[in-house]
Amino acid sequence: AQSVAQPEDQVNVAEGNPLTVKCTYSVSGNPYLFWYVQYPNRGLQFLLKYITGDNLVKGSYGFEAEFNKSQTSFHLKKPSALVSDSALYFCADCSGGYQKVTFGTGTKLQVIP
Amino acid sequence: NAGVMQNPRHLVRRRGQEARLRCSPMKGHSHVYWYRQLPEEGLKFMVYLQKENIIDESGMPKERFSAEFPKEGPSILRIQQVVRGDSAAYFCASSPPSGGAHEQFFGPGTRLTVL
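If you read the sequences in order, they're chains H and E.
Everything in the first sequence is counted per our numbering, starting at 284 for the first residue and increasing by one.
Everything in the second sequence is counted per our numbering, starting at 454 for the first residue and increasing by one.
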């Protein structure tokens, strides 16, 4: 079965510092990995995806993610965090067919001014 | 190009009533997905539909829940005889009809509260 894991329920980082939100995956075959962000009382917004190609993927709002096949990871990163980045972040995979997306449990990012 | 529309945004029902949630996909999108998000949890896949067809309903409870995406009009998620455990945020997403792993575009959600 396809699954993604987000080992941290919450990540705290000071404004201006680099941030990392972790994700590992377990899929049969090639993974199709995504990151989404959810602001309070809002739907999910797409940040970036990895399908094939370069392992470093750049996305919206200055975020990027690195696909690491040997570590089965797809961590989300940003060089300098903003207070407005505070939100809930979901890692997801849709390699299970029919574009059915399997979401991780989410990581709450808190950027401290 | 308007995004995915969902209505109502908030819905309050008493136990035993019916809840109808509507989703209009983005223009040009023919694939619709419904997800449920319980408090403090991630999104769980419920059902995947194309126009007039249910493609995958493996995440849908076997009883009381149904979904449709008619030829004309929005997709409907229907919950009959609601119970308190149905209280959740229900999100609809859509994607374009072409093949490949496309990102899904999410609506703002309907927050269902069962009293």
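Just so it is clear, CB atoms sit at the ideal spot from N, CA and C, and this is done for glycine as well.
Model, not experiment: these values are computed from the prediction.
Where residue i sits in the DSSP three-state scheme
{"i": "residue 366(H)", "result": "helix"}
{"i": "residue 537(E)", "result": "helix"}
{"i": "residue 300(H)", "result": "coil"}
{"i": "residue 371(H)", "result": "strand"}
{"i": "residue 334(H)", "result": "coil"}
{"i": "residue 468(E)", "result": "coil"}
{"i": "residue 457(E)", "result": "coil"}
Euclidean distance between Cα positions of residue i and residue j
{"i": "residue 329(H)", "j": "residue 360(H)", "result": "15 Å"}
{"i": "residue 343(H)", "j": "residue 331(H)", "result": "7 Å"}
{"i": "residue 291(H)", "j": "residue 305(H)", "result": "7 Å"}
{"i": "residue 353(H)", "j": "residue 462(E)", "result": "43 Å"}
{"i": "residue 313(H)", "j": "residue 465(E)", "result": "42 Å"}
{"i": "residue 311(H)", "j": "residue 373(H)", "result": "20 Å"}
{"i": "residue 478(E)", "j": "residue 530(E)", "result": "13 Å"}
{"i": "residue 334(H)", "j": "residue 316(H)", "result": "7 Å"}
Bridge partner(s) assigned by DSSP for residue i
{"i": "residue 341(H)", "result": "347(H)"}
{"i": "residue 327(H)", "result": "321(H)"}
{"i": "residue 546(E)", "result": "486(E), 559(E)"}
{"i": "residue 376(H)", "result": "316(H), 385(H)"}
{"i": "residue 288(H)", "result": "307(H)"}
{"i": "residue 355(H)", "result": "Answer is none; residue 355(H) lacks a bridge partner."}
Per-residue contacts from residue i into chain E (C-beta, under 7 Å)
{"i": "residue 280(H)", "result": "Outside the shown range of chain H, which is 284 to 396, sits residue 280(H), and nothing can be said about it."}
Proximal chain E residues relative to residue i, where beta-carbon distance stays under 9 Å
{"i": "residue 365(H)", "result": "What residue 365(H) touches in chain E: nothing, since even the nearest Cβ is about 22 Å away."}
Contact set between residue i and chain H, taken where Cβ atoms lie within less than 9 Å
{"i": "residue 505(E)", "result": "Going along chain H, no residue has its Cβ under 9 Å from residue 505(E), so there is no contact; the nearest lies around 16 Å."}
Contact set between residue i and chain E, taken where Cβ atoms lie within less than 8 Å
{"i": "residue 342(H)", "result": "Neighbours of residue 342(H) on chain E: none; closest Cβ ~10 Å, over 8 Å."}
Exercise. What are the uninterrupted segments assigned as beta strand (DSSP E) that are 3 or more residues long and contained completely in the region 471–540 of chain E, given in chain order?
Worked result: Entirely contained in the region 471–540 of chain E, the beta strand (DSSP E) runs reaching 3 residues are, in chain order, 472–477, 484–490, 496–503, 506–509, 518–521, 528–532.
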